[in-house]
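Structure first, commentary second.
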Amino acid sequence: MAPGGFFGRALVVDISGRDAAGTPIQLSDQVLRAYLGGVGLGTWLMHRLAPPRVDPLAPEAPLAFVFSSLVGTPLTTSAKFAVVAKSPLTGLLTDALASSQFAISGKLTGHDAIVIRGRADELSVLLVDGDGARLEPAPELAGLPAADAETQARQRFGRGWRTAAIGPAGERGVRYATISHDGRHAGRGGLGAALGAKNIKAVLVKAATKVGVADQAGVLQAARDLRQRSFGPATAKYRELGTLANLLAFNAVSTLPTRNFTAATFDGAPKLAAEELHELRGVARNSCASCSIGCEHIYARKGGGSQRMEYENVFALGPLCAVDDPDDVFAASARCDELGIDTISAGGTIAWAMECVEKGLIDAPWLRFGDGAALLRALDEIGERKAGLGELLAHGSRRAAELVGEGSIDFAAQVKGLEMPGYEPRSLQSMALGLAVNARGADHNRSGAYEADLSGDLDRFAGGSAHVAAAVDTEDRAAVMDSMILCKFLRGVFEDPFTEWARLLAMVTGWDLDAAELRTAARRIVRAKRAFNLREGASAADDTLPVRMLETPLELGSGRSVTLSAERLRSMVSGYYVARGLDEQGRVAEADLADLLLDP
């Protein structure tokens, strides 16, 4: 019998016509306990189901929607799911999390994961409920934004279905296309392109069953307690101003990447800041499904309408491209939503192209830093993969730089092919290590080491052993939270995280868990991600940062100049390998490979 919170099975659907109804595969208690669900379980499934060195866009490449034991409980922020696949952008493992009722309905189809393989003969939707899966042609959805596709799918199949869909960019194979649902996005790594390559416009799920927990009274009490704590000071910033509150703070401490990472402060930051927009443009605050925090802030757009804005999309479409007009940034963010593309990769790739134009490496004189109209035009050309610039930039900055050459890879702000988020690594050197070694690439959600840099407990300009410990610790915490799955904005609510998380999981599953076992699970999940990437051709040479970050000093607003040398980063990476029990080439030891439970 499956532990509480789980069904003990994944549904594997081959949409090439061989097994469109799906075949359940059993998930043992040992595997569920070792990987916890969510991203952890998705990583295990990729090891088992993805052929080695498979092309991420090939029919046989699996894509998994994965749930956790907490989904469907009253625990705040638990209505999340993970999408896991081999990334079309990086060629490595990628995962993206999202919140919506899709998570609850998807799990209550009676499966801990829904895995899709194959390619449909025509543009279709996949429907999954308690009876399994079925494929339905949907040519009428071609070219629609994800939100419109969701609306039409509800009209056709009924309101009981929850929908995750791709936009036109996913259909056209833009390598950083997203999967969207209820206005939220599983955004990074090109999962929308992976789904589009299967000729699937949308996945629809309908709840058909219930799942029990081991200690119902305990879970209810824990939910009341966690909800109360979620209203405290640890989440106040997100409730009051949202993630955009970081913009002015990062600008003040010279860690706001600007003009393709050539600077770390932006003169136009106050015009884009939450403080000003809240007073002039704020119209509403909203929450994800089953969330008591309510970090989502919605602002009025010029000419009517509104737009949800977060720090990362403002950073990437604003300072990174030197655009300071909020209306241009709002419009660009809305265009990304309509096309179904990741705002960070879009902004990072366009900023790289703007610098290429300045250097005479790309012939597009209209594409200039600070030009909001040019930003919108570039997004449109990417979304339609227009011959020339649009086709080039649809591949992301690393592949585009490889095509352009002329040393342009040196200033492509990416790691392992994933564009960098809004944290300047030269002035946040714990974060620099976290970005360099992360399995997904340049990622702030799987390694939140910037918190240690900004805590005041270590010198953020001089990375060393303390920074290694901070990067390992935050990566472990993220591995557990992403597998349980709980929102990262709760991280400050837990005083003794691993102990409290173990208690929550024990009440749901019935397992006799403690903090030590959960720490072991975190290390296992991190190693499993690395082992997958090594299998796919990654090496220690990939655990680095762009040449610009390692050779060009960063001038701070105070007049001080800081550097992150290649030698210092290599030293920290070596320390990370030791802390993770890896060899000097970053490889997982044989004994630890056995612990990953990958044998059939």
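Per our numbering, residue 4 is the first one in the sequence shown, and the count goes up by one each step.
We put the CB at the ideal spot given by N, CA and C, even for glycine.
Check whether the segment 8-22 touches the segment 559-569, counting contact only when three or more Cβ pairs, one atom from each stretch, lie closer than 8 Å. Too few Cβ pairs lie closer than 8 Å, so no.
Out of curiosity, what's the CA-to-CA distance linking D687 and T523? Since the displayed the chain opens at 4 and closes at 603, residue 687 lies outside it and no answer follows.
Buried or exposed: G410, going by 16 or more other Cβ atoms within 10 Å of its Cβ? Taking every protein chain shown into account, the CB of G410 has fewer than 16 other CB atoms within 10 angstroms, so this residue is exposed.
Using only the alpha-carbon positions, how far apart do L207 and L147 sit? Take the alpha-carbon of L207 and the one of L147: they are about 16 Å apart.
Of the residues V118, L396 and D499, the one placed nearest A64, counting alpha carbons only: Looking only at V118, L396 and D499, the smallest Cα-Cα distance to A64 is reached by V118.
Does DSSP put S183 in a helix, in a strand, or in coil? Reduced to three states, the DSSP call for S183 is strand.
At least three beta-carbon pairs within less than 8 Å, the segment 46-63 to the segment 129-149: Contact check between the segment 46-63 and the segment 129-149: fewer than three CB pairs, one atom from each, fall below 8 Å, which does not count as touching.
I need the straight-line Cα distance from A519 to A525, nearest angstrom please. A519 and A525: Cα-Cα distance of roughly 10 Å.
If you draw a straight line from the C-alpha of K240 to the C-alpha of E278, how long is it? The alpha-carbon atoms of K240 and E278 are separated by roughly 11 Å.
In three-state DSSP terms, what is K89? Annotated three-state conformation of K89 is strand, per DSSP.
Do you know whose CA, among I365, L100, L382 and W355, lies nearest S336's CA? Nearest Cα to S336 within the set I365, L100, L382 and W355: L382.
Pull up the distance between the alpha-carbon of G391 and that of E570, whole angstroms please. For G391 and E570, the distance between alpha carbons rounds to 38 Å.
Using DSSP with H/G/I as helix, E/B as strand and the rest coil, what is V619? Nothing can be reported for residue 619: it is not among the residues displayed for the chain, which extend from 4 to 603.
Since E341 is in the alpha helix (DSSP H), which residue starts that stretch and which ends it? P329 to L342 is the extent of the alpha helix (DSSP H) around E341.
Does the contact criterion of 3 or more C-beta pairs under 8 Å hold for the segment 148-163 versus the segment 51-60? In short, these stretches do not touch, since the Cβ pair count stays below three.
Run of the alpha helix (DSSP H) containing G393, from where it starts to where it stops: Taken as a continuous stretch (DSSP letters only), the alpha helix (DSSP H) holding G393 covers L392 to L396.
Measure the beta-carbon distance from D115 to L44 and round it to whole angstroms, keeping in mind my assumption that it falls under 8 Å. The pair is a contact, with the Cβ atoms about 7 Å apart (cut-off 8 Å).
Rounded C-alpha distance that separates T477 from R187: Spanning the two alpha carbons is a distance of roughly 25 Å.
Reducing DSSP to helix, strand and coil, say where L60 ends up. In the three-state reduction of the DSSP assignment, L60 falls in the coil class, being assigned neither a helical nor a strand state.
Spatial neighbours of V471 in its chain, beta-carbon cut-off 7 Å, leaving aside the 5 residues before and after: Apart from the 5 residues on each side of it in sequence, V471 sits with its Cβ closer than 7 Å to the Cβ of L436, M575, G578, Y579 and A582 in its chain, given in chain order.
Taking the beta strand (DSSP E) that G135 falls in, what are its first and last residues? In the DSSP assignment, G135 falls within the beta strand (DSSP E) that extends over G135 to P140.
Assuming A24 and G113 form a contact by the criterion Cβ under 8 Å, report the distance between their Cβ atoms to the nearest whole angstrom. Actually they are not in contact, since the Cβ atoms of A24 and G113 sit about 14 Å apart, beyond 8 Å.
Quick check on the DSSP output: the beta strand (DSSP E) that includes A101 runs from which residue to which? First-last of the beta strand (DSSP E) with A101: L96 to S102.
6 Å CB neighbourhood of A145 in its chain, flanking five on each side removed: Only L126 meet the Cβ criterion.
Could you check if L259 is buried or exposed, using at least 16 other CB atoms within 10 Å of its CB as the buried criterion? Buried.
Can you look up F84 in the DSSP assignment and give me helix, strand or coil? Here F84 sits in strand by DSSP.
F68 and V42: beta carbons closer than 8 Å? Pairing F68 with V42 gives a Cβ-Cβ distance that is not under 8 Å.
Considering I203, what are the terminal residues of the beta strand (DSSP E) in which it resides? The continuous beta strand (DSSP E) containing I203 extends over residues I203 to V208.
Specify whether the segment 420-434 and the segment 262-274 touch according to this definition: at least 3 beta carbon pairs, one from each stretch, less than 8 Å apart. Between the segment 420-434 and the segment 262-274 there are three or more inter-stretch CB-CB distances shorter than 8 Å, so the stretches are counted as touching.
Would you report the Cα separation of A403 and L78, rounded to the nearest angstrom? Cα to Cα, A403 sits roughly 43 Å from L78.
Distance between R120 and A217 (C-alpha atoms, nearest Å): Spanning the alpha carbons of A217 and R120 requires a straight line of approximately 33 Å.
Identify the continuous beta strand (DSSP E) that holds P27 and give its terminal residues. D22 to Q29 is the span of the beta strand (DSSP E), which, as asked, contains P27.
Can you grab the Cα-Cα spacing for the pair S31 / L553, in whole Å? One Cα belongs to S31, the other to L553, and the distance between them is close to 46 Å.
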